[in-house]
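Remarks on the structure that follows.
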Amino acid sequence: MMKPVLEGRVLQALDLQPGDRVLEIGTGSGFLTACLAGLAAEVVSVDIHADFTEAAGRRLQAAGVTNARLHTGEAVLGWQPDGLFDAVVATGAVAETPARWLGWLKPGGRLLVIRGASPVQQAVLIVHEGEGRQREESLFETDLPYLAHAAPSPRFVF
1 MMKPVLEGRV LQALDLQPGD RVLEIGTGSG FLTACLAGLA AEVVSVDIHA
51 DFTEAAGRRL QAAGVTNARL HTGEAVLGWQ PDGLFDAVVA TGAVAETPAR
101 WLGWLKPGGR LLVIRGASPV QQAVLIVHEG EGRQREESLF ETDLPYLAHA
151 APSPRFVF
């Protein structure tokens, strides 16, 4: 789970617009989901843990959030969304950016990932420029737990 200061930096970097469709990978408590829903037209959020999506769903309903849909699934390897997004944000770290996530972006869409080897990971904003091209911008250093199936492969160490 991200700390609130990190969530604020993520929201700022995504530069969400009122008409945006957003995918959140890692629902967690639903706090960031609610923040995203306040800035965008629609939020789709997926988490591997059913208890997280169920609890977050109750919290969002109690808060009156109506433009967020929650799914239980594994987004690194298995789950597939029902369309393309203006923005995608992963709330846990990945060793490498999953190529399939880039395919979920509309032209001009933004993907924000925390990538690299702990304890020095980079928040990276990737903009899909169309025709298989993307532009990357390293935003800041941080350290987050890895998403399921997204940790680096074990390495041999003396």
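All the letters of the sequence shown, read from the start, carry residue numbers 1 to 158 under our numbering. Idealized CB from N, CA, C, for every residue including glycine.
Express the C-alpha separation of residue j and residue i in angstroms, rounding to a whole number.
i             : j             : result
leucine 70    : arginine 58   : 11 angstroms
serine 153    : proline 119   : 15 angstroms
alanine 37    : glutamate 54  : 17 angstroms
glutamate 136 : alanine 62    : 37 angstroms
glutamine 80  : threonine 91  : 17 angstroms
histidine 49  : leucine 112   : 21 angstroms
valine 43     : histidine 128 : 19 angstroms
aspartate 143 : glycine 8     : 15 angstroms
arginine 133  : arginine 100  : 14 angstroms
arginine 115  : glutamine 17  : 25 angstroms
leucine 147   : proline 107   : 26 angstroms
leucine 32    : aspartate 86  : 17 angstroms
alanine 56    : glycine 30    : 5 angstroms
alanine 34    : glutamine 121 : 25 angstroms
leucine 39    : valine 10     : 13 angstroms
methionine 1  : glycine 130   : 31 angstroms
valine 22     : alanine 95    : 22 angstroms
threonine 97  : alanine 117   : 12 angstroms
aspartate 51  : aspartate 15  : 30 angstroms
glycine 73    : glutamate 141 : 28 angstroms
With distance defined between alpha-carbon atoms, name the residue in the options nearest to residue i.
i              : options                           : result
lysine 3       : Gly19, Gly28, Ala40 and Pro18     : Gly28
valine 124     : Arg135, Gly130, Arg133 and Leu139 : Leu139
alanine 41     : Asp20, Phe31, Leu60 and Ala34     : Asp20
tryptophan 104 : Val94, Leu11, Ala93 and Ile126    : Ile126
leucine 84     : Val94, Glu129, Pro98 and Gly109   : Gly109
Throw me the rounded Cβ distance for the residue i and residue j pair, which I believe falls under 8 angstroms.
i             : j           : result
isoleucine 25 : valine 89   : 7 angstroms
histidine 149 : leucine 77  : 5 angstroms
alanine 75    : proline 145 : At roughly 15 angstroms, the Cβ-Cβ gap does not stay under 8 angstroms, so alanine 75 and proline 145 are not in contact.
Where does residue i land, buried or exposed, given buried means 16+ other C-beta within 10 angstroms?
i             : result
aspartate 82  : exposed
alanine 159   : With the chain covering only 1 through 158, there is no way to say anything about residue 159.
glutamine 12  : exposed
aspartate 166 : Nothing in the structure corresponds to residue 166, since the chain is present only between 1 and 158.
valine 5      : exposed
Per DSSP, which one or two residues make a beta bridge with residue i?
i             : result
arginine 58   : For arginine 58, which the question treats as bridged, DSSP gives no partner whatsoever.
alanine 75    : For alanine 75, which the question treats as bridged, DSSP gives no partner whatsoever.
histidine 149 : BP columns for histidine 149 are empty, so no partner.
aspartate 143 : Aspartate 143 is not bridged to any residue.
arginine 160  : Beyond the ends of the chain as shown, which are 1 and 158, falls residue 160; an answer cannot be given.
Is the beta carbon of residue i within less than 6 angstroms of some heavy atom of the ligand GDP?
i           : result
leucine 105 : As far as ligands go, the structure on display features none, and thus does not contain the ligand GDP.
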